[in-house]
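To start, the structure itself, in structure tokens.
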Amino acid sequence: RPRVLSGIQPTAGSFHLGNYLGAVRQWVALQESHDAFYMVVDLHAITVPQDPAELRRNTRVAAAQLLAAGLDPERCTLFVQSHVPEHAQLAWVMNCVTGFGEASRMTQFKDKSAKQGADRTTVGLFTYPVLMVADILLYQADQVPVGEDQRQHLELTRDLADRFNTRFGDTFTIPNPYIVKETAKIFDLQDPSIKMSKSASSPKGIVDLLDDPKVTAKKVKSAVTDTDTVIRFDREAKPGVSNLLTILSTLTGTSVPDLERSYEGKMYGALKTDLAEVMVDFVTPFRNRTQEYLDDPETLDAILAKGAEKARAVAAETLATTYDRLGLLPAK
Ligand code: ATP
Ligand code: MG
Numbered sequence: 007r008p009r010v011l012s013g014i015q016p017t018a019g020s021f022h023l024g025n026y027l028g029a030v031r032q033w034v035a036l037q038e039s040h041d042a043f044y045m046v047v048d049l050h051a052i053t054v055p056q057d058p059a060e061l062r063r064n065t066r067v068a069a070a071q072l073l074a075a076g077l078d079p080e081r082c083t084l085f086v087q088s089h090v091p092e093h094a095q096l097a098w099v100m101n102c103v104t105g106f107g108e109a110s111r112m113t114q115f116k117d118k119s120a121k122q123g124a125d126r127t128t129v130g131l132f133t134y135p136v137l138m139v140a141d142i143l144l145y146q147a148d149q150v151p152v153g154e155d156q157r158q159h160l161e162l163t164r165d166l167a168d169r170f171n172t173r174f175g176d177t178f179t180i181p182n183p184y185i186v187k188e189t190a191k192i193f194d195l196q197d198p199s200i201k202m203s204k205s206a207s208s209p210k211g212i213v214d215l216l217d218d219p220k221v222t223a224k225k226v227k228s229a230v231t232d233t234d235t236v237i238r239f240d241r242e243a244k245p246g247v248s249n250l251l252t253i254l255s256t257l258t259g260t261s262v263p264d265l266e267r268s269y270e271g272k273m274y275g276a277l278k279t280d281l282a283e284v285m286v287d288f289v290t291p292f293r294n295r296t297q298e299y300l301d302d303p304e305t306l307d308a309i310l311a312k313g314a315e316k317a318r319a320v321a322a323e324t325l326a327t328t329y330d331r332l333g334l335l336p337a338k
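Using our numbering, you'd call the opening residue of the sequence shown number 7 and step up by one each time.
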């Protein structure tokens with residue numbers, strides 16, 4: 007079985023619709039056909055300030071949501087990044103083969119740091135993509151299911167893996183991004199020119215899966231569309247409507263052309279009402295399942311402990327080989 011690896015940050019508590027459609031939904035499908043490793047990336051979360059109690063709670067909330075979304079600990083390895091120390095260890099090694107200029111070209115860093123200002127931006131945020139490189143290479147992943155915003159980090163991963171292999175001998179599998187075109191970028195409901203994002207979206211622009219379903223319905227109904235009235239998929243001319251069609255199509259399994267046909271002659275209100283209903287039907291059981299996992303933290307923690315143990319076995323082997331190739335003297 008080919009191997010997949012991916013991660014999600016425990017920031018903000020709730021996952022948003024972009025996280026689910028762009029990433030987590032694929033994770034659930036891939037556990038059937040792949041040797042799958044999925045993690046809550048708490049070490050990535052601390053690249054921006056976090057309240058300790060909230061971070062701890064949100065890490066469990068993230069794990070509970072992954073289980074509620076359909077990850078099955080019998081079919082995949084689910085763990086918390088910081089439970090596997092090899093991530094930080096390999097990240098250091100990869101930092102030492104990354105060019106400063108190369109890291110400086112990462113657009114997500116440029117965007118996030120520009121928003122924060124230089125004084126508040128951490129070195130951790132700068133080197134975040136290199137930690138992500140380590141996350142992936144530790145597991146010798148063949149594929150990495152992510153949203154479009156991670157494509158550049160995947161390119162960096164491939165470059166660094168190849169560089170290390172060339173210098174020190176074959177050590178790492180060169181991974182491929184696994185990006186589902188249709189849902190690779192879900193847009194902000196209020197500003198369909200930007201991606202829906204935990205850190206950048208306004209509350210009205212983001213559909214949080216753990217929101218009260220009434221709030222979700224309201225957000226869908228007040229989504230920005232355009233002054234035209236035709237329900238047609240056109241990313242350039244009609245980004246808001248196209249975003250809603252993408253979401254509805256994915257959640258119902260009806261193709262976009264079929265949706266276009268069924269809304270012929272109808273107004274945006276009809277599309278929004280239907281989408282709101284589909285969304286509520288989706289998030290209501292999701293919320294309940296998440297809560298059930300959170301109500302039983304001992305079971306949840308046991309799942310994560312077992313996942314970490316399985317992950318460590320793989321990660322430790324890759325790290326040992328890496329240290330050996332580098333010429334680090336083994337401890338006696
Ligand atoms: P932040 O804005 O703080 O980076 P985020 O919303 O991007 O948060 P992450 O935890 O960084 O959330 O991302 C988890 C996964 O969700 C990644 O694979 C990412 O590519 C994917 N993802 C995030 N936003 C979207 C989106 N709008 N559409 C599709 N996929 C997305
Ligand atoms: Mg992100």
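For glycine and all other residues, C-beta sits at the position ideal for the given N, C-alpha and C. On a predicted model such as this, the values are computed, not experimentally measured, just so you know.
In its own chain, which residues sit with a C-beta less than 6 Å from the C-beta of residue i, not counting the 5 before and 5 after it?
| i | result |
| --- | --- |
| LYS153 | The residue you asked about is not Lys; residue 153 is Gly in the sequence shown. Result list for GLY153: GLY28, ALA29 and ALA190, in chain order. |
| ASP194 | ILE200, MET202, SER207 and GLY211 |
| GLU270 | none |
Going by C-alpha to C-alpha distance, which of the options sits closest to residue i?
| i | options | result |
| --- | --- | --- |
| LEU162 | VAL136, ASP214 and TYR145 | VAL136 |
| GLY54 | LYS118, PHE21, THR260 and ASP264 | What sits at residue 54 in the sequence shown is Val, not Gly. Of the candidates LYS118, PHE21, THR260 and ASP264, the one whose C-alpha sits nearest the C-alpha of VAL54 is LYS118. |
| ARG157 | PRO183, ILE14 and GLU266 | PRO183 |
| ARG63 | PRO8, LEU250 and GLN15 | GLN15 |
| SER39 | GLN149, ASN25, GLN71 and GLU92 | GLN149 |
| THR305 | VAL34, LEU250, TRP33 and ALA70 | ALA70 |
| TRP33 | GLY13, ASP155, ASP232 and SER207 | GLY13 |
| LEU277 | THR290, THR258, GLY76 and PRO291 | THR258 |
| VAL90 | VAL289, PHE43 and ASP232 | PHE43 |
| TYR134 | ALA94, VAL320 and ALA120 | ALA94 |
| PHE239 | PRO303, GLU188 and MET285 | GLU188 |
| ILE212 | GLU242, MET285 and PHE132 | MET285 |
| THR65 | ASP78, ARG31, GLN87 and GLU80 | GLN87 |
If we call anything under 7 Å between Cβ atoms a contact, is residue i one with residue j?
| i | j | result |
| --- | --- | --- |
| PHE85 | MET138 | no |
| LEU215 | LEU254 | no |
| ALA140 | ALA97 | yes |
| LEU251 | LEU265 | yes |
| GLU92 | ALA314 | no |
| SER18 | LYS220 | What sits at residue 18 in the sequence shown is Ala, not Ser. Against a cut-off of 7 Å, the Cβ pair of LYS220 and ALA18 comes out as no contact. |
| GLN37 | CYS82 | yes |
| LEU23 | ILE192 | yes |
| LEU61 | THR324 | no |
| THR328 | THR128 | no |
| PRO151 | ILE309 | no |
Taking the straight line between their C-alpha atoms, what separation do you get for residue i and residue j?
| i | j | result |
| --- | --- | --- |
| ARG293 | ALA74 | 8 Å |
| LEU49 | PRO58 | 12 Å |
| ALA68 | ALA51 | 12 Å |
| ARG164 | ILE185 | 15 Å |
| ARG318 | ARG267 | 51 Å |
| GLN122 | LYS210 | 22 Å |
| ASN101 | GLY130 | 11 Å |
| THR256 | LYS225 | 18 Å |
| ASP4 | LYS338 | The requested residue 4 does not occur in the structure, where the chain is confined to residues 7 to 338. |
| LYS312 | ALA35 | 21 Å |
| PRO303 | GLY76 | 18 Å |
Looking only at its chain, what residues have a beta carbon closer than 7 Å to the beta carbon of residue i, apart from the 5 residues adjacent to it on each side?
| i | result |
| --- | --- |
| MET273 | THR235 |
| PRO198 | VAL230, PRO245, GLY246 and ASN249 |
| ALA147 | ARG9, VAL10, LEU11, THR179 and PRO181 |
| ASN25 | ILE14 |
Excluding the 5 residues flanking residue i on each side, which residues of the same chain have their C-beta closer than 8 Å to its C-beta?
| i | result |
| --- | --- |
| ARG169 | VAL103 |
| ASP330 | PRO336 |
| ARG7 | SER39, HIS40 and ASP41 |
| ALA120 | none |
field: In chain order, each alpha helix (DSSP H) run of at least 4 residues that lies wholly inside the segment 26-102
entry: Taken in chain order, the complete alpha helix (DSSP H) segments of 4 or more residues contained in the segment 26-102 are 31-36, 48-51, 58-75 and 92-101.
- request: Please go through the segment 157-187 and give each complete alpha helix (DSSP H) segment of 4 or more residues, from N-terminal end onward.
  value: The qualifying runs are 157-174.
field: 4 or more residues per run - each alpha helix (DSSP H) lying fully within the segment 111-159
entry: Correct list: 113-122 and 129-144.
Alpha helix (DSSP H) runs contained entirely in the segment 209-285, provided each spans 4 or more residues: Counting whole runs of 4 or more residues, the segment 209-285 contains the alpha helix (DSSP H) stretches 219-227, 245-258 and 262-268.
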